[in-house]
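Worksheet: one structure, shown below.
Numbering (the working numbering), first residue to last: 4 to 57.
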């Protein structure tokens with residue numbers, strides 16, 4: 004099962020969508036079997052939470 008399919012098994016509710024969040028730490032990687040780069044980061048930061056800075 005790929006990472007996207009595995010993560011899509013559960014959708015968590017955004018508990019406080021108006022709460023401003025600064026997410027200061029990220030790990031980016033690009034491996035043949037898995038990647039987490041800007042596209043994936045933007046998908047996560049635009050998933051219902053109020054991420055105002057990273």
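Cβ coordinates follow ideal geometry from the N, Cα and C atoms, glycine included.
Bridge pairing for residue 50: absent [DSSP]. The shortest C-alpha to C-alpha distance from residue 54 to any of 26, 6, 11 is the one to 26.
Between residue 7 and residue 24, the gap from beta carbon to beta carbon reaches 9 Å or more. As the crow flies, the alpha-carbon of residue 32 is around 27 Å from that of residue 16. One thing to note: residue 28 has its Cβ no nearer than 9 Å to the Cβ of residue 44.
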